[in-house]
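Residue numbers (this note's numbering), protein chains in the order written: chain F, 10 to 221; chain P, 10 to 221. By construction, the Cβ of each residue, glycine as well, lies at the ideal position given by its N, Cα and C atoms. The structure under discussion appears below in the form of structure tokens.
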DNA sequence: AAAAATCTGTTGCAAATACAACAATTTTAC
DNA sequence: GTAAAATTGTTGTATTTGCAACAGATTTTT
């Protein structure tokens, strides 16, 4: 069961069970690398990650893969959140995982008579809001005008999230370069410059910022 | 009043008036270039664009401007949707505009007793969902690796939205450069290259793509 | 209708970045 | 436990991009 801070926050176990039953929700298990089907045309299906991790990925016409979103326990995904027209989008399990599906329209109907449905809708709203903030962060990083600034912004953000001047980089440098949309070797060079200028310290991917 | 397709969809004029009154909403007028203040700490304020246009912009410490989001009639903005990394974020009116402010938490409370509040919450949800899709598009543009590709991607997207090979650029070139987070003069140079290479035609900001 | 401000189009040059290529190290797979 | 694959670290060089600066065109203000 997803912890109380997530999508089921402020709903009592018993009431939740009833609500999910009333919504005719279904729960499925997936193994690593399995594709999670969720798009049912005409219906607004929302998937709730009960446990495990998955990626929302796009395969464009060249077959190039891009990770659009990373989904963890308590996170949600839906065809409501992505453009349906063009390229192929799939949710692919990166670990064993458990997913509950509900229909958004059913939830909406239940709001009239069931207070817990309102709470769930609110939790969904907050989750989408969180997604927006995450995307915004990404945009802010991508719109800084140099590799040096991208790195510094990213490091500052991570340190801030960690309530510290340090944090552990959980990306490989190769992935970080992809995330920041910059050339890896150019990034490595700039990383070296930052270290030489003593703006950061990097001990085994524990990065510490020495400014301000 | 915002048209029925927007944030007030499916709410009768009379009921809407009552709802907004119950929510103790306030409405303000702004003139072009005016900054719209909306962040009130501790409260979740949502601004609804009744009419006019505005941009959500960032000024970084160097004074460089980047357009983060474009707001049109029927769109919403809120400090719930952004969490700035370090730099300054503001909503700036690009035309004369009218904005109604409501408190999210008040709306939520009203959902228990007022069906129209549920409808409004649903409309807000759908709007946020639309924002998610838009930001995703932006990220796709920003992650392309050169000015040439950024321009081509942007042009292709706009043309596609227009169901055509052409579209009218509604940005000034100065703004487009800010939107794509690139240097204006470098962009102008690349724009010239694209024209010289006959990949695009640009007649008075009506841009036509000549590929594929 | 004149003045001021902004936008467009251009260029030379310096600086930043991407590309390519490779060896060394680490991680993953069998 | 070894082979294969991926990541890291580095460098020289070509290319792209940003910066600065300007003149002409267009738009806005007064």
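Cβ closer than 7 Å: which chain P residues qualify as neighbours of residue 138 (chain F)? 89, 90, 137
Please name the residues in the region 188-216 of chain P whose beta-carbon is closer than 7 Å to at least one beta-carbon of chain F, in chain order. 190
Is DSSP giving residue 129 (chain P) helix, strand or coil here? helix
Does residue 130 (chain F) get closer than 8 Å to chain P when you measure Cβ to Cβ? Taking 8 Å as the CB threshold, residue 130 (chain F) lines the interface with chain P.
Counting beta carbon pairs with one atom in the region 96-114 of chain P and one in the region 28-43 of chain P, are three or more of them shorter than 8 Å? yes
Secondary structure of residue 22 (chain P), DSSP reduced to three states: helix
Taking its Cβ as the centre, do 16 or more other Cβ atoms sit within 10 Å of residue 126 (chain P), making it buried, or is it exposed? buried
Under 8 Å between C-beta atoms of residue 168 (chain F) and residue 151 (chain P): Contact flag unset, no.
Would a check of beta-carbon distances place residue 19 (chain F) closer than 8 Å to chain P? no
Kindly list, in the order they appear in chain F, the residues whose Cβ is closer than 8 Å to that of residue 74 (chain P). The premise fails here: residue 74 (chain P) is roughly 10 Å from chain F at the closest Cβ pair, so nothing lies under 8 Å.
Just the C-alpha distance for residue 184 (chain P) and residue 196 (chain P), rounded to the nearest angstrom, thanks. 11 Å
DSSP beta-bridge partners of residue 60 (chain F): F:107
Can you tell me which of the three DSSP states residue 114 (chain F) falls into? helix
What whole-angstrom Cβ distance do residue 134 (chain P) and residue 137 (chain F) have, given they're in contact under 8 Å? 7 Å
Could you check what DSSP says for residue 65 (chain F) in three-state terms: helix, strand or coil? strand
Between which two residues does the beta strand (DSSP E) carrying residue 202 (chain F) extend? Premise fails: residue 202 (chain F) lies in the alpha helix (DSSP H), 193-205, not in any beta strand (DSSP E).
Give the residues of chain P in contact with residue 121 (chain F), contact being defined as C-beta atoms less than 7 Å apart. 124, 127
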